[in-house]
Each structure stands twice: as structure tokens, then as C-alpha cells.
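J.: Take a look at this one; I'll ask things after.
There are 4 protein chains.
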Amino acid sequence: MPYTCGVLGASGYTGAELLRLLHGHPEFEVAVVTADSNAGAAVADLYPSLAAAYPGLTYAAVDPADPAAAVAGLDVVFCALPHGESQKLVPALLGRVGRIVDLGADFRLPAEVYADWYGEPHSAPDLLGRFGFGMVELFRDVLTPTANVAAAGCYPTASSLALAPVVAGGLVEPTGIVVNAVSGISGAGRKLAAANLYAEREQNVTAYGLLTHRHTGEIEFALGHVAGSPVQVLFTPHLVPMTRGILATATARAAAPGLTTAGLLDAYRAFYADEPFVVVTDEPPQTKATLGANVAQVTVRADPRTGQVVALGAIDNLVKGASGQAIQAANRVLGLPEVTGLPTIGVMP
Amino acid sequence: MPYTCGVLGASGYTGAELLRLLHGHPEFEVAVVTADSNAGAAVADLYPSLAAAYPGLTYAAVDPADPAAAVAGLDVVFCALPHGESQKLVPALLGRVGRIVDLGADFRLPAEVYADWYGEPHSAPDLLGRFGFGMVELFRDVLTPTANVAAAGCYPTASSLALAPVVAGGLVEPTGIVVNAVSGISGAGRKLAAANLYAEREQNVTAYGLLTHRHTGEIEFALGHVAGSPVQVLFTPHLVPMTRGILATATARAAAPGLTTAGLLDAYRAFYADEPFVVVTDEPPQTKATLGANVAQVTVRADPRTGQVVALGAIDNLVKGASGQAIQAANRVLGLPEVTGLPTIGVMP
Amino acid sequence: MPYTCGVLGASGYTGAELLRLLHGHPEFEVAVVTADSNAGAAVADLYPSLAAAYPGLTYAAVDPADPAAAVAGLDVVFCALPHGESQKLVPALLGRVGRIVDLGADFRLPAEVYADWYGEPHSAPDLLGRFGFGMVELFRDVLTPTANVAAAGCYPTASSLALAPVVAGGLVEPTGIVVNAVSGISGAGRKLAAANLYAEREQNVTAYGLLTHRHTGEIEFALGHVAGSPVQVLFTPHLVPMTRGILATATARAAAPGLTTAGLLDAYRAFYADEPFVVVTDEPPQTKATLGANVAQVTVRADPRTGQVVALGAIDNLVKGASGQAIQAANRVLGLPEVTGLPTIGVMP
Amino acid sequence: MPYTCGVLGASGYTGAELLRLLHGHPEFEVAVVTADSNAGAAVADLYPSLAAAYPGLTYAAVDPADPAAAVAGLDVVFCALPHGESQKLVPALLGRVGRIVDLGADFRLPAEVYADWYGEPHSAPDLLGRFGFGMVELFRDVLTPTANVAAAGCYPTASSLALAPVVAGGLVEPTGIVVNAVSGISGAGRKLAAANLYAEREQNVTAYGLLTHRHTGEIEFALGHVAGSPVQVLFTPHLVPMTRGILATATARAAAPGLTTAGLLDAYRAFYADEPFVVVTDEPPQTKATLGANVAQVTVRADPRTGQVVALGAIDNLVKGASGQAIQAANRVLGLPEVTGLPTIGVMP
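Residue numbers (this note's numbering), protein chains in the order written: chain A, 16 to 364; chain B, 16 to 364; chain C, 16 to 364; chain D, 16 to 364.
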């Protein structure tokens, strides 16, 4: 019998993507979806892509007095809420639902790191231990059978999977790492802002969040976990004219001379040998190869001329960078095969 | 035990899309893929999107002396070949493979209609009767348990599904029908032509094939089948800056006064009530709602002011307009549930 | 000495495009730009494209008590305001500025046609006679040296220039005309709506305003002026994933048999022989050929098989469909050479 | 009386862009355009954008026995040829034309640097001294009244203008500099390759030329000129789904602690105070702000946390990165005001 699921905040892009993926998952069954301003609307009206699969589903309202009531008793609750909302909600959810899978940033970081990058103290620090960081390949140890899931962010996933093998092996210096990443616009969500309009983003590339993007802390956290010691990263995100996809291009100083591209590629293949969702490529990865799929593609180069290593990682920010990864982690903590219900082929062309 | 499958011409876009969809189909197993100039290449090199799912698959060469040999003995052979190639190949395939599913135009039309629109006589007219026109919703009668499949073209699918209910009901005049359709660039295939370059197509819309596009004959054939008598269509296709998707906008003169939009929408809902792959929408359909899915979305309007009916249909040209529809028809003739293995949710946003 | 200019509503897309074009116009000098919610902001902050050319320009506020005060005394005032605003403002402007060039719909149509399509009576019908319809090629007669300008809309421009030669010559029936047009998203302005977000419009085509788009009345008005008698049009607009550009594809029944494509192309070349901004092409026009330029490209076909004529017209909706055309008409009524300051080369690729 | 001009290789994208810009230049008059495989074709057939401005112009053939003959006697000859062609042609051109402006890489670099990055010796090293490196802002000293011009490449222009103020001031270390840049697809020219097809590039980002892109040498050359001593750069270019535009994001280690963003922005404003084509922005520059304009927009940040400086530069690769810059340099060596005929406003939105 499938697990009954709820999706809180299902009218946003990651919520809609959860609905797409959950429909193809043989062990999950969507029972309730909620939305705030869209409560009462038909899912198919907001996302006509879901019309054939969910013809009658509507967004349920959430009772402000008892926000957990809408999903109480369900086996798995996915939270696809704006930043900060999960912190408020999780205390009421724990004990009333089987498992929580949070797609926001609220339960990813240690309290002090959270405070540094989010500019405010965490409101439920005592509950952080109830969550495992949901980037399965690098955090299987904390995704235990009783853990809830704090699914990792999109940029951290692409960046960390690209760099993990050299960081884990101590092959690069832990400081001076530079990550430049480009993202499709869906990363900004369905937010009504002039900067997200088609006419403003088409034929347009720009950097944003210079020096201060919050995912910096998360990349450093993930890579620090892999390295076993602190890692420092300068992270610069960019918007490019596409809807989905992240490509992270990372450079790091080789810890010692003698690295070769062939040797590094071998190391990457070994590191990811048993991972169904990571492909190590000879050629530079293309974001489109991952579109719609729960896959990361990575490659690496050693540059003796400058003494640097270049590592690249491509994902679909809404799948491996959000909803797909959340389901992968949910599979893990529920004891299902990790690959259950997750597409591995990109929609290309 | 799954049916063993071969894909001839698997290095083109419809071939690659077949591989994507067949991987998710529980009753089909890809045994052989062939390619002409790409023989010997790894599938994952041409389509890195397929790397995770088909890590070791390579394109087999075809022996010019015995082109059927590569797939002899297989249960189902999909032909995703350039126009005219199937005619040459099918005589050799019949009897040596279980079932043929042709994605080209070679076996769709009666011989004389074919000659009219393709400017040359059909080379195997005696074999046309072995194929059923693969637009399942409108041609179930000819998709019998022993038929091979000539999967319908992309524009004809969008146009015919949009117009079928009013044409079948005699609600519009059979002449004076105007179909304007826009298509994503993937419809042109992976052809190296200046007109298909990114820099030439981006921010660019143009019509093409004015008055003479070959799909005109196929639209008239499909609608004529539905009407039971000849239908005449003026068809104008356009290229728009997207990769996938067709929207057909059709206008036809009402056969009698009194039509209403509400009445027509009811008629459409009744006509498609049992169809899992056709969604009748109140709002104008969006191509993106169908991206990656084997779904057509249609709507209709009656305009008392001008005495016209407007019907619209949206599909993904590579799925419901090609590879998905081919599999749907294969399901049908093989006696599998039509919906087996076919996605119904578009990748949106 | 150049004419001093003001632009009311200069923070929208047509306002910004006016600033781009006026900067290259040797006879106009921008003195004042206003904006409502953006008053006080630097023009370069909203449109960094204007930073080099207008480094210090800021949007002036408009005094609600005397909205004309901001531009009083200027030679030419361009109104790039939301629908309905010009009607309120023009009474106060007349007499206090030299010439008004309105880019909105308020002064384009006869009062009764306006009421039909805009669903409310015109508030200043007595002033309609002070404006000439600003589609210069077809309305030079009303763009007199004392006229103010009601610059024509984007769809009507593409559609009317495409059809004018056959309509003027009586070569097609005045009813049963079907215009399907596609537009870039900038036609919707800088409006914050989910439907205008990048992620919703990319890879997406949809029709909108079915049967009721207000430009229908304007197309019928312009073609009726050309024909000298009423013309009826069924108009269906579509959004396609590009920022600028309109392609109108029109079909009309030939009034008599015997029309040929060659003959029609000759007629088009003759009709537009002296027009610097209309190019008659043999091949189907491409919107990108007009990007950034005040040019319309048109072609035509006769289809003996269906007895229809197909006419196509491509423009940049923000230039020939709005700001460029407004300047062209201003040139005309001010007695300047029509071509002054207007680019004729599209940004291609 | 205007200078008579020829454009060799005018059927490529930089050639077409030269024609667009030269048409708006009051001191240049296009007399001859040549093309190889397109000889005899009408310019308007290849670029319908040029139809209104150059209605009768056709591509002249080049006589292989005397390739200079086609342009002999002209005042200025622009070479927009494939890599390596200028080296062969320039010996024959010198003395027979007034001035050469080469848009290729052939005369940009010292012979030994050229050999390093292009993998072959330069065939006319003795003529390198006749050319000045055409990035005017940083190389006015070598763009003397008798110099020919080797217009700088697109990536080097964006990268060098972004970094020049900190490099010139010795504010950053000369090694360990990392430049990640993204480019529109037009940078690849009109080359028929699968990788340049619309369907392959849309919704797709990928890096290419890892470690070995030839523009690396040119960036190091330009920054070394500015610094007065060698500079080492690790350069990673990327393709993003747009036609025009380059954004270079550069990181470099601060040479000493204490740098502030405010201080660096002041330094940038001072450095570029008299430059009409460089805009220093507070916000991260957007490529679209430069589309169609001969403008670079740059900004800078100091990051005390990591001890790094981030510098960003945006241009239109076909204008400031190629044809516009070539004209700017030609203006310079001919003694015309540098701004003559060059647009400074981007086509936005």
C-alpha cells in the first residue's frame, strides 16, 4: 500500500514539480495539496500540465490556527514553502505526520551557520537534529531510518557534487575555491517581480547576490562535511535565459603538483561508481541533458599551467536541485530503493 | 516478458525521444538501435541525456545489402528514418520482424494522395494496406491487432484533434477551413541548415512552406476520414523560437447559425470523454502544458459575429506528434492498455 | 533648433523605446520624462541600456492637480500611458503643448467603434477630430500639418500593411478575413503578472483574447479606410517566446478567380513603391529582420486550390508597432522628412 | 566626403553587423562587400534585416589569383574572415588600400604568443608591427594615425575592461586570476554544426574549450599590457541560450588587505571617467543593456571574507566585442571622433 502524501505550498514551482514526480512514483499517493493565496483553485488551472493526471485536485486551505491539521495523519509531508515558514510549522507537524521532507533552507544548517547567512537566529534550533541534510550522495550517514529530510538547495547540490571527489580526497586547497554558477529563472520561483519577466530575462545574463548569496554557507557546509574540516568558497550566481538548469563551474588550487585530468576523471568515476544519479562525463556537462531528470552530470580538469583544478556540475534545479532530490532522500529514509519513481533521462532536445 | 524492440534511425530527434519513452515502458525493451552516419558512436555521446539510462548502448550499422538483418527477429521495429526510406525498407522487414511502427510519412496516405503531395509515386503501394494510420483517437478502427502502424505527423495530429469534433458532427463547412500552426524547431530534425541555427531562430518567427506543406494532405485525409467526405484545408505552418510544441489554430465557417461556445465545449468533452490523452480546456491551451507528455489539449469557440468557429490544439511535436503517439498506437495494435508507459504530465515550468 | 520633447509614462516599454529612438533623432531633444510609481528614479536604473546616453535623467512626477504642468510649453509630447489615461489628460494638454503624439488606443477610433470594443463610452469624443490615425502609409491624408497623432496599435499595423494592397484593390472579399498573429511578450508591457514571467512564457505558445481582442476593431477600421467600405475580420492573437516582434498571417477569399502570386507580388511592390519603411519580400518575412527597426516586411500568395489569398506582415511591435511609428507620424505632421532619425536595419542575428 | 569602405567576408555575423553599423556612420560609405561561397547572392537574401538599407547590394567574388583586387583603392578595408585568412591576405592589401581593420585574431598578438595559443607559427610576423591592438580604451598608445587595426576579441574585451582598473593599479595579484565568461551563440558565427542548432542550445548551458581557449592568451596579453608585467589567467568560456552578449565574471586575490567595494567603484569611475563607451554600474551589469550598442558595462566588489575581488563586464559580442569596436578603433586611427556613428543605447527590452 503506498504512502499517503501531502504537499504544503503546492502552488509554487517546486510544489508543482513534486506533483509531477509523485504521480510517477509507485509508492507514493498524493492525498492533500495546500496553497495559501491559491486555496480553492484547481491545480489544473495553475498548472495545465497537471490536468490529465490530476483532473479534480484542488488546493486546500490551511487553517492558521492549526496549520498541521490539513495534513495530520499522512505518512509523508513535503513542505515547499517560502523561506522561514517551515520553522514555524515543523513543531506542530512532528508527531502528527509520519515523516517531514522540507524543501526550504530552514533545517539544513547548524544554528550558528544559519544565523550567519540568514541574518536572524533560528527559531527552532532544538529540532535541527531531527533532520538529515538531503543530498543523498554525500550525506547517507545522516539520512537514517528515523530522520526527517532537509532537502539540499539547488546551487549547493550542483557545486558540491562537482567538487566532492577532489575535496574529499584532499586534492585541492580548502580556501580560494571559486564557484561561478548559472541558473535558470525557475530558481526564483513564481515571484511577481520585474526582474523575472520574460522580456527582462530573455537575451539577458546577469550576476546577482554578489558575495552574499545564502547558498554560500550551504556549499561550505556540504563540502566541509565531505572534507572533514572547514572549506571556504567565493560563490557568484548568475541568471541566464532558460527556465531550468544549473551549471556550476568551480576552480580550486591543486594541493600538490602532478594532478592530471585523466587521473582526476578516474577518481571521479570511482567516487561515484555506485551512484545511480551521478554521471561522470568526459565532455563538459550540458544542463539540458538533465532537464526533467534527477541526475547530476559532472566532469573535472587539471590545469598544470595555472595549478588549478576546474570541476563542473550540471543539474535541473527543480529536480535534482529540489523536488527530485527530496523524493530521493525520502526514498532513502523510508527504506525504499533510492531510484524508485525518479526519472533519469533528460528531455532533450 | 517484454517485447524486444529496435529503433532504426535512432540518432535523430524522434529516435532519441523513442529511447526516452521506451525506457519508461514496462513492456518494451530496447535491443538494437541503428544509425547511419553515426554508426559506432555511443548513444550517450550524441544524447548525454540518455547517459544514465543507456550507459553502454551504441548505434549499430545497417548492412546496405540486407538492411533488415540488424533487427530481424525483434518483436517491434520503430522506423525513425528520413522521408522515403521506409518505403525501401519495409518490404524487407515484413515477415522478419513482429511489427513495424513507422514514424515517417511513407505509409500514411492513400497512394494517389501521397503522389499529389510528395511529388512522386509511392514505391510500395501494395503494402499500404498493411498499415493503419497512427492517430489512435480518430483511427481505432484501422489499428487492428494485425496492423502495422504509420504514426501520424505532428501538424496533422494537433490540427485534426482540434477540429475533429466539429468536423465529425458536421457543424462546420468542409471547405474554407484555415489552419495556422506554429511549431518548435525540433520539428525540422537535427538537420544542419543555417535556418536551424540558434542565432537565426531565436527572437524570430516566420511562416514557411506556404500553400504547399505536405502535411496539408494529411490533415485533409484525417479530417476527411472523420467527416466521411472530403475536407479542404488551407494550412500555413510557422517556426517559433522554442524547441518543442505545436499549437494549431483553426477557423472554419459554421454550417448553420446558432452555435455557442458552451455548446461546442460540451460537444468536445463528450467526444473526448474516454480519451486518456486528450484534455478539453476552457482556456486557450498552452504548448508548455504538453512538453514531454503524450497529451493533446484542445479548446473551441463559436463566433456569432463572423459566423466562424475557432478550434485550437496543443501538443509536443516529438511526443504526441511523433514518438509518444507511435508508442500509443503500438500499444493498441499489440493489445496493451493504450496508456502503458506514456507520460501524461508536461514538464512545466 | 530641435523640437523639445516630453515623454509621459516613460517607464514602460514603449516609453523606454521612445527614449532610445529619440536619442538618435537629430530634430528632437528630450526635455522631460515622467513616470507614476517610478517618479524620482533614475532612468538608467530602470533601463540600464539608457545609462550611457542619458546618464543623469530622472523620471519627473506628475502633479495630479495639474498633470499637464510637467510638460507645458514643450513642442511635442508623447503619451505612453496605460489605456484610458490619455482621454483624461489630453483636454488639459491641448493648447499648452505644441503637438500631442498618443501611443495609446484612446484617440484612434471613431467614438462608436471605440465604445463597441472598449466597453465604455469615450470620455472626450469631441477631441477625436483633433487626431489623425498614426499609420502613415495608409493614413497620410489625415496626418495633416495641424493634426495631433494617435499612433496605431501593433497588431493593426502588421495586419493592415499585410492586407492593404489586396483590400484597397478589391481583390479579396471584405468578409471572412482571418488574421492569426503572434506577438513577442513585450506587447504586454512591464506588467507584473504570472503569465508574463520568463518561466511561464519560455517554450510556450498560447492564443489569448479569443474573439474579443480590442485590436480587431482597429484592424477593421484601418482596412475599412483603405477599402472605402466595411471590412470584417476574425482576429486571433498569440503569445510566442520572444520579446519583440509580430507576425500577422492573414487569409482572405479571392474576390475573383485568376489571381496569381506573381501578380499579387507586383501589386504589392507597386503599392509600396515609395514607402521607405515597407519592404515587399519574395520569401516569407521574418520578425527578426525588423528587430529594432521601423520597418514592416510583407509578402503575399494566391492559392488557386482553395481560392484564398495569404498575406503576411512582420514588424517589431515596439518600433514600427509603437514608438517608431509614433515618431514617423510626428515627423509627418511636423513637416520633417518621414525617415528622420528612424533606423531601418534590424538587429540580426 | 566619406571614406570608401570594403568589407571582406561580409556574409558572416560580424560582417553583417559591420554593414548595420556602417550604414549609420556619417563618414563611411560601403562600396564593396565580398563573400566566398555566397558570392553573387544579394545581401538582403542572407540578411533580410539589411533589405531596406541595402536593397541592391550583392556579394562580390574574390579573385583567388589577386584577392586584393576587389577592394584595391578603397580607403578602409574591414576583414571579417575566418581565422588565418588575414595573414594570407594582408601582404597583398598593404599599399593597395588606405587602412586595414582586421576583426580576426591574426594580428593581435606577438608572434610567440600567437604560436603558443594557435598551435602554428605566424606566417607574416614582420607585419605585426603595422597593426595596433584594437581595444581602444586600453591601447590608445598603439592606435596611432598610421596604424592598421587588429580589433580585439570578444571575451578579451569584456574580461580586460572588467579587470583593467584593478590590474593597472596593482590592486590584485597577477596570478590566480579566474575568468568565467558566458557568451551568446553568435560568437560561434554562422557555422553549421549540431552544437549550434537551436534545439541543442535552447535551455542549455555548457562550458567549452576548457583550459585551452585561445582567448586566454589574448586576455593575458591585454592585462599584461595594462599591468606592465605578466598576468596569468584561467579562463573558462560557456555558451548560454542567447544570441548576443558576453558577461565575464572575474575573481582575483587582493594584493593587500583593506580593499572596499566603495573604494574600488570610485577607482573604476576614475579610470573610465572619459570613456564614452564604458559605464561603471553599481548593480551587476546585464548583457541586455548592451545589446546592439558599442558599450561595456562593468562593476566590481571587494570581499574581505575571502580576500578576493570580483569584477564583472558585459558587452554585446558582435558590437563592442567585434564590429563596433573595430569601427571605434578605425575612428581613432583615422582621426575621427571615437564616438562617430556608434550607438550607445542597447535594445532593451
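Glycine included, each C-beta is placed from N, C-alpha and C at the ideal position. Given the structure is predicted, the values throughout are model-derived calculations rather than measurements.
Is the beta carbon of D/P256 closer than 7 Å to that of A/E215?
T.: Contact flag unset, no.
J.: By Cβ distance, which residues of its chain are closer than 7 Å to C/N332, with the 5 residues on each side in sequence left out?
T.: Closer than 7 Å at Cβ, skipping near neighbours: C169, S198, G199, S201, G202, R259, G260, I261.
J.: Along chain A, which residues have their Cβ under 9 Å away from the Cβ of C/R205?
T.: Chain A residues near C/R205: A209, L212, A214, E215.
J.: Roughly how many angstroms lie between the CA atoms of C/G307 and A/A282, to the nearest whole one?
T.: Those two C-alpha atoms are separated by around 51 Å.
J.: Distance check for D/V325 and D/Q312, CA to CA, integer angstroms please.
T.: So the alpha carbons of these two residues sit roughly 14 Å apart.
J.: If we cut at 7 Å on Cβ distances, does C/S52 have a partner in chain A?
T.: No, its Cβ sits nowhere closer than 7 Å to a Cβ of chain A.
J.: Going by Cα to Cα distance, which pick from B/D141, B/G350, B/A130 is closest to B/L109?
T.: Among B/D141, B/G350, B/A130, the Cα nearest to that of B/L109 belongs to B/D141.
J.: In the segment 277-300 of chain C, which residues sit with their C-beta less than 8 Å from some C-beta in chain D, listed in chain order?
T.: Cβ contacts with chain D come from P291, F292, V294, T296, E298, P300.
J.: Using the beta-carbon of each residue, which ones in chain A are nearer than 7 Å to C/S201?
T.: Those within 7 Å of C/S201 in chain A are A214.
J.: Which residues, in chain order, does the segment 259-271 of chain A contribute to contact with chain D at a C-beta distance below 8 Å?
T.: Correct list: R259, G260, L262, T264, T266, R268.
J.: Could you list which residues in chain C have their beta carbon closer than 9 Å to that of B/Q312, in chain order?
T.: Per Cβ cutoff of 9 Å: no residues; B/Q312 is ~10 Å from chain C at best.
J.: Looking at B/N309 and B/V293, is the spacing between their C-beta atoms short of 7 Å?
T.: Not a contact, by the Cβ cut-off of 7 Å.
J.: In angstroms, rounded to a whole number, what distance separates the CA positions of D/H240 and A/M150?
T.: Rounded to whole angstroms, D/H240 to A/M150 spans 46 Å at the Cα level.
J.: Figure out for me which residue from D/P70, D/V116, D/V77 has the closest Cα to the Cα of D/D90.
T.: Selected option, being the one with the closest Cα: D/V116.
J.: List, in order along the chain, the chain C residues whose C-beta lies closer than 9 Å to that of A/Y28?
T.: The answer, in chain order, is A214.
J.: Which parts of the segment 153-234 of chain C are runs of the beta strand (DSSP E), unbroken and 3 residues or longer, counting only runs that do not cross its ends?
T.: Counting only runs of 3 or more, we get 163-166, 192-198.
J.: Beta-carbon of C/A222 versus every beta-carbon of chain B: anything under 7 Å?
T.: Chain B contact via Cβ: present.
J.: Between the segment 341-358 of chain C and the segment 268-280 of chain B, can you find at least three pairs of beta-carbon atoms closer than 8 Å?
T.: They do not touch, by the three-pair rule.
J.: With a threshold of 7 Å between beta carbons, is C/R316 in contact with chain B?
T.: True, the Cβ-Cβ gap to chain B drops below 7 Å.
J.: From C/G30 to D/Y133, what does the alpha carbon distance come to, in whole angstroms?
T.: Each residue's alpha carbon lies about 47 Å from the other.
J.: Comparing the C-beta of A/P140 with each C-beta of chain B, is any distance below 7 Å?
T.: Closer than 7 Å: no.
J.: Going by C-alpha to C-alpha distance, which of C/N346, C/L178, C/T296, C/L72 sits closest to C/F43?
T.: Per the Cα distances, C/N346.
J.: Please confirm whether B/T321 has its beta-carbon closer than 7 Å to some beta-carbon of chain C.
T.: With 7 Å as the cut-off, B/T321 counts as an interface residue toward chain C.
J.: Apart from the five residues on each side of it in sequence, which residues of its chain come closer than 7 Å, Cβ to Cβ, to B/A130?
T.: The residues are P136, H137.
J.: Which of helix, strand or coil does DSSP assign to C/I330?
T.: Strand, per DSSP.
J.: Helix, strand or coil: how does DSSP classify C/Q343 here?
T.: In the structure shown, C/Q343 sits in a helix (DSSP, three-state: H, G or I).
J.: Excluding the 5 residues flanking D/R316 on each side, which residues of the same chain have their C-beta closer than 6 Å to its C-beta?
T.: These residues qualify, in order along the chain: T276, V325.
J.: I'd like the list of long-range same chain contacts for B/N53, defined as Cβ closer than 7 Å, with 5 residues on each side in sequence excluded.
T.: Around B/N53: S26, L61, Y74.
J.: Which of the three DSSP states, helix, strand or coil, is assigned to D/Q247?
T.: The answer is coil: DSSP assigns D/Q247 none of H, G, I, E or B.
J.: Between the alpha carbons of D/V194 and B/A162, how many angstroms are there, rounded?
T.: Taking the straight line joining both Cα atoms gives about 60 Å.
J.: Can you tell which of A/A57, A/A210, A/K206, A/R205 has the C-alpha that lies nearest to the C-alpha of C/R205?
T.: Nearest C-alpha to C/R205: A/A210.
J.: Indicate the three-state DSSP secondary structure (helix, strand or coil) for A/V310 in the structure shown.
T.: Three-state result, A/V310: coil.
J.: In terms of residues, what are the limits of the alpha helix (DSSP H) holding D/R123?
T.: Run containing D/R123: none; DSSP gives neither H nor E here.
J.: Look at the alpha carbon of C/I192 and the alpha carbon of C/V92, and state the distance between them as a whole number of angstroms.
T.: Cα to Cα, the separation comes out at about 36 Å.
J.: Do the segment 220-229 of chain B and the segment 181-190 of chain B touch if we need at least three Cβ pairs shorter than 8 Å?
T.: In short, these stretches do not touch, since the Cβ pair count stays below three.
J.: Which residue comes first and which comes last in the alpha helix (DSSP H) that contains B/R35?
T.: It spans 28-38 - the alpha helix (DSSP H) in which B/R35 sits, taken as one unbroken run.
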